[in-house]
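Heads up: the sequence shown begins at 1 in full-length UniProt numbering, then just goes up one per residue.
By construction, the Cβ of each residue, glycine as well, lies at the ideal position given by its N, Cα and C atoms.
Since the structure is predicted, the reported quantities are computational estimates derived from the model, not experimental observations.
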Amino acid sequence: AAPAPAAAPAPAPEAAPALPPASDPAPLGFGLSKAAKAKAALSMFDADDAPRSKPIVKLDYTEEEKRAAAPSGPEAEARAAARKKAEREKQKALVDRIPKEKAALFAYPVAWAVVDEHDIIKSKLKAWIVKKIVEFLGEEEETLIDFICSKLISHADPESILEELKLVLDDDAEIFMVKLWRMLIFHVLKLSSSS
1 AAPAPAAAPA PAPEAAPALP PASDPAPLGF GLSKAAKAKA ALSMFDADDA
51 PRSKPIVKLD YTEEEKRAAA PSGPEAEARA AARKKAEREK QKALVDRIPK
101 EKAALFAYPV AWAVVDEHDI IKSKLKAWIV KKIVEFLGEE EETLIDFICS
151 KLISHADPES ILEELKLVLD DDAEIFMVKL WRMLIFHVLK LSSSS
């Protein structure tokens, strides 16, 4: 029988990496100390118990909140004064657009849709009506106030309201109606221009 071929010699082992001398402390890796590694390892077990952070919600501040948080000082006061002045000028321009003569004023078209949509009669005019009725009559006459408001809500023309008010307010009825109608038109124009 033929002799068995000799096994190939085993490759020479590669040189093992040099170990640092025993006197040098071995680096722990990732720049963590032993205590930090232990803490990191323990925190992995607490990961399920940790509270989840909520999604970030964008905050929408109202104009009032923005003004309250705005910086104060001479610059802020100057900006606020400029805004107020611009608003007064805008309102004055609106008032100047409203006719002053009774015939032209009462013929001026009123956007009743705006009046109804923004509830101008209750939100803007009722307090003024109460004040004027107290001025003219010396007391708050609830039925008269409700009558005037109901006429405005039903979109009555100013001439018909004036005729009925003359019975109660006499000569003051015309002055009252002109001021009331101008105020109504002013609020309509103001809301129409801001939309």
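- Do Lys122 and His187 have their CB atoms nearer than 8 Å? no
- Quick one: Cα of Asp170 to Cα of Val178, how far? 14 Å
- Message: Tell me which residue opens and which closes the alpha helix (DSSP H) that Ile148 is part of.
- Response: Glu142 to Ile153
- Message: For Glu101, tell me which candidate among Ile175, Leu184 and Ser192 has the shortest Cα-Cα distance.
- Response: Ile175
- Task: Use the C-beta contact count for Pro158: other C-beta atoms within 10 angstroms, 16 or more gives buried, fewer gives exposed.
- Result: buried
- Message: Among Ile98, Val115, Glu139 and Val114, whose alpha-carbon lies nearest the alpha-carbon of Ala107?
- Response: Ile98
- Runs of alpha helix (DSSP H) lying entirely within the UniProt region "Disordered" (63 to 85), each at least 4 residues, in chain order: 63 to 69
- Item | Residue from Lys85, Ile120, Glu65 and His155 whose Cα sits closest to the Cα of Pro109 | His155
- Is Asp171 helix, strand or coil when you go by DSSP? coil
- Taking only the alpha-carbon atoms, compute the straight-line gap between Ala113 and Leu59 and give it to the nearest angstrom. 34 Å
- Whole-Å CB distance - Ser194 paired with Leu94, under 8 Å assumed: Actually they are not in contact, since the Cβ atoms of Ser194 and Leu94 sit about 10 Å apart, beyond 8 Å.
- Give the range of the alpha helix (DSSP H) segment to which Leu105 is assigned. Lys102 to Ala107
- Message: the ligand NAD and Val110: does any heavy atom of the ligand fall closer than 7 Å to the residue's C-beta?
- Response: The ligand NAD is not among the ligands present in this structure, which contains no ligands whatsoever.
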